[in-house]
Amino acid sequence: MEYVIEMLNIRKEFPGIIANDNITIQLKKGEIHALLGENGAGKSTLMNVLFGLYQPEKGEIRVNGKKENITSPNKANDLGIGMVHQHFMLVESFTVTQNIVLGKEPRKKTGTIDIDKARKEIQELSDRYGLRVDPDAKISDISVGMQQRVEILKTLYRGAEVLIFDEPTAVLTPQEIKELIEILKSLTREGKSIILITHKLKEIMEVCDTCTIIRKGKGIGTVKVAETNPIELASLMVGREVNFKTEKKVAEPKENVLEIENLYVKDSRKVDLVKGLDLNIRAGEIVGIAGVDGNGQSELIESITGLRKARSGVIKLNNKDITNLSPRKITESGVGHIPEDRHRFGLVLDYSIGENIVLQTYYKKPYSKVKILNYKEIFNKAEQLIKEYDVRTPSVYTKARALSGGNQQKAIIGREVDRSPDLLIAAQPTRGLDVGAIEFIHKKLIEERDKGKAVLLVSFELDEILNVSDRIAVMFDGKVVAIVNPEETNEQELGMLMAGSKVNGMGEANGK
Amino acid sequence: MANKRLITFLIPIISVILGLIAGAIIMLVSGYNPIVGYTALWNGAFGDSYTIGETVRRTTPYILTGLSIAFAFRSGLFNIGAEGQVIVGWLAAIWVGLAVDAPMIIHLPLAILASVAAGALWSFVPGILKAKLGVHEVIVTIMMNYIALFSANEIIRSVLTDGATTTEPISATASLASPWLQSITFYSRMHYGILIALFAAVIMWFIIERTTLGYELKAVGYNKHASKYAGMNVSKNIVLTMVISGGFAGLAGAMEGLGTYGTISVMSGNINIGFDGIAVALLGANNPFAVVFAAFLFGALKEGAGEMPTGAGVPTELVDIIIALIIFFVASSYIIRWALLRFKKGEK
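Order-wise, the sequence lines are chains A and B.
Just so we're aligned: 234 in UniProt numbering is position 234 of the first sequence, and the numbers increase by one with no gaps anywhere.
Just so we're aligned: 323 in UniProt numbering is position 323 of the second sequence, and the numbers increase by one with no gaps anywhere.
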């Protein structure tokens, strides 16, 4: 059998941990090979070994059957290996063309950069693989999906035959994911080989040919995707049975907790993004908001939580008007908020986990008295919460920055839920997390509901919305355009509603 | 963890040593004997009780401007206006020292408070402009430095005196001078201000590490968005940080006015106590206690420099070069950190 890349019995150690222990992965020409594993299982380490960023302690790498010692990313590039990173490495103020040629600029005879030649070449590559990239657009002006395609072009421009994608769908909307999948397929049709790092089983089932699973740094095995199913893959990845369908009782909603009437909110460019929205959430129910990114979801949440001013309209919590109060007043009147961007809003990354646990309560007894902090109480509380919420951290004194995404998110959820708010807002609570953590977070949201709290869930993952919500509010163009029952709908219908088309005889339109 | 702390501790020390080595090379190249030069520097700073007293005297305002800038840094603000805040603090202290007639127990604290209030007021302006209008504090504070300098000169000439360049000495009831400290240091100008400066370091440590205010200020410095999310009033914290920072710098002015000179004179240009505070804060890694040591190092270098021309024929400019080199090595601490880690790896 002909393999383009073989990584045989790779072992990579870091002080104190073995990140990769005897892992083998063999990539055939023209296939899409998934590398599946939980957060922290060692997927990225393995790929960084292949990309020349780390040197393995043991094992060998063969490229087209020939043993190679990949000492640097440049060497990897020379061998035709390209990597599309999860966090894009683009210069915002440069054009697409300038970014792609950066470091490998074609020169005119005079020594100046031949940008016309580069543009032509990029246009050709873009057309050939259906990437639809405008070579003259500025990076800061284009969507995340297009930025990713620029990253793909960057590797192709450098002559990559093997492309590594590090969790490429984590930052994309469902529509963009569909487009990416088409691109992956067209790349393999042109003879490229692809390694896809992911923990999303659906994607693997959809595009991959083969799947190598690693768990806690160890290679578990390689399976043909056609011969397996998501349940088997999940249990191989986690090492135990995983529940896909979140278990929950029927909701017993009671009185209204949150009432929003005719809300208008401007975004940072001073354009109305929420345009006359009405919504109510009752105690004991989870309302999921489905919508394509940019239809006013973020602005809605920011206005409920006081981070952004509402232009007009009323937001009531337990029948009390909380419109445009300060974030602290809103928090104190009973709102918990798991923010969309946990690094920007949810945590002070340079503070310890303990200090982050009291981010919303540090000024209250017992954490401080007469404005003087009581660190003993703070760290005691932190100890209690990291146990309760299974936050895996070396200690409560560890900086939040050092924790994995899943553990950071669990700490935030612990902090917000522990205050027992009447309304819990969870924005993209499972973005970028693995199945184990997702399961845990869904369970916690449902527990809160069962305690009689109101939960507002905003997510781009339709699976999540369908699975967890008791009612689904579809947002389009700043309004709730439909309220649907998750038992009576499906992804197709939701997708159409999210795109703004009316579906006859479905739900009751709530917008104006 | 312990290793990391050790490295943080080692970096300024190695920077200083490298700066001194580089200074020695420059002396050699310029035809001076570095051993003679450094001996003169040492003698100038610690040679006898008088020079030690003067070194401490010089250190005192450096501690306070260092704390001022470090405090603002901890909250993510760059108070480049310590210079102007020192001047207004100095002026206010002298004014109260001259104008008020009261027993020492009232007069001295009043003069000190006046300096703190003046510095705080001077930094309140950039603080409020930053908080409400988003004007960058560096630009405003630089401009406020000039306003402070020229207004102070004008006030000295036309309000505090009748066209003279130096005021009358303040009354003894407002003075920080200590006959006892002077007598044990062979009549240097060392004064009680050093105790105030050391106490200020403790105060800063307490505010930053132990109070909810410090918790908020650091949080705002690390991550403005998360602070807003947590219900902290970011604008209020920006203003408060600048005001406290300016208060420390104003107090440094009182050290000069009430302690060292007892007067204020028309200034031809920058007095540099505020600007040197930036270097002190940097060398002290914004830690209040390390700032004290950094200020002491600066005080010693500046004081010892006076001896180098007479003792070794080395020009004082060279001392400024050495100080600049030390800052350079601190600023490039990344290189030293890298080298240390490399070295440790090699040992293993």
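Beta carbons: idealized from backbone N, C-alpha and C, even for Gly.
- Within chain B, the residues placing a beta-carbon under 8 Å from that of A/ILE372 are ARG210, THR211 and THR212, ordered along the chain.
- Taking the Cα of A/LEU79 as reference, the smallest distance to any Cα among A/THR305, A/GLY52, A/PRO56 and A/ILE139 is reached at A/GLY52.
- Taking C-beta atoms under 8 Å as the contact rule, A/THR198 and A/LEU36 qualify, at a distance of about 6 Å.
- Looking at the backbone, the Cα of A/CYS208 and that of A/LYS154 are separated by about 23 Å.
- Using a C-beta cut-off of 8 Å, the region 297 to 307 of chain A makes contact with the region 320 to 328 of chain A, since at least three inter-stretch Cβ pairs fall below that distance.
- Counting only runs of 3+ residues, the beta strand (DSSP E) found wholly inside the region 397 to 451 of chain A occupies 423 to 427, in chain order.
- The beta-bridge partner set that DSSP reports for A/THR210 consists of A/HIS33 and A/LYS224.
- Residue environment analysis places A/GLN492 among the exposed positions, since fewer than 16 neighbouring C-beta atoms fall within 10 angstroms of its C-beta.
- In the structure shown, A/ASN74 falls within a helical segment according to DSSP collapsed to helix, strand and coil.
- Within the region 350 to 369 of chain A, contact with chain B at the beta-carbon level (separation under 8 Å) is assigned to ASP350, TYR351, GLU355, LEU359, GLN360, TYR362, TYR363 and SER368.
- B/SER30 and B/ILE326 have their C-alpha atoms some 19 Å from each other.
- Assigned with DSSP and collapsed to three states, A/TYR389 falls in coil, not helix or strand.
- The straight-line gap separating the alpha-carbon atoms of A/ASP293 and A/ASP321 is approximately 28 Å.
- Using a Cβ distance threshold of 8 Å, A/GLN123 and A/PRO135 count as a contacting pair.
- Residue burial is scored here from C-beta neighbours: A/ASP127 has fewer than 16 other C-beta atoms within 10 angstroms and is therefore classed as exposed.
- At a cut-off of 8 Å between beta-carbon atoms, B/ALA93 makes no contact with chain A.
- The contact set of A/PRO253 on chain B, defined by CB atoms closer than 9 Å, is empty, because the minimum CB distance reaches about 28 Å.
- Between the beta-carbon of B/LEU108 and that of B/ALA24 there is about 44 Å, and that puts the pair past the 8 Å contact cut.
- Each of A/ILE353, A/ASN407, A/GLN408 and A/GLN360 was checked against the Cα of A/GLU383, and the nearest Cα belongs to A/ILE353.
- Neighbourhood of A/LEU307 in chain B, by CB distance below 8 Å: LYS228 and TYR229, in chain order.
- Judged by DSSP in its simplified three-state form, A/HIS337 adopts strand.
- Under the three-state reduction of DSSP, A/ILE260 is assigned to strand.
- Residue-level contact by beta carbon holds for B/TYR215 and chain A, with a gap shorter than 8 Å.
- For a Cβ distance threshold of 8 Å, nothing in chain A lies close to B/ALA72: the least Cβ distance comes to about 17 Å.
- Between B/THR185 and B/GLY53, the CB-CB gap stays under 8 Å.
- Taking the CA atoms as reference points, A/PRO174 sits about 32 Å from A/ASP418.
- Taking a C-beta distance under 8 Å as the contact criterion, A/VAL49 and A/ILE113 do not qualify as a contact pair.
- Sorting A/PRO394, A/HIS33 and A/SER501 by C-alpha distance to the C-alpha of A/LEU163 places A/HIS33 at the top.
- Considering only A/GLY313, A/GLU259 and A/ILE100, the residue with the shortest C-alpha distance to A/LYS275 is A/GLY313.
- If you check the CB distance, B/ARG337 and B/GLY221 do not come in under 8 Å.
- In chain order, VAL348, TYR351 and LEU359 make up the part of chain A whose C-beta sits under 8 Å from the C-beta of B/ALA219.
- Linking A/GLU68 to A/LEU196 through their CA atoms gives a straight-line distance of about 22 Å.
- A direct Cα-Cα distance of roughly 23 Å separates A/SER193 from A/GLN55.
- Our two residues, A/ASP470 and A/ALA251, have alpha carbons roughly 7 Å apart in a direct line.
- Here A/ASN407 is near A/ARG392, since their CB atoms are less than 8 Å apart.
- Annotation: Cβ neighbours of B/ASN223 in chain A (cutoff 9 Å, chain order): HIS343, ARG344, PHE345, LEU347, VAL348, LEU349, ASP350 and TYR351.
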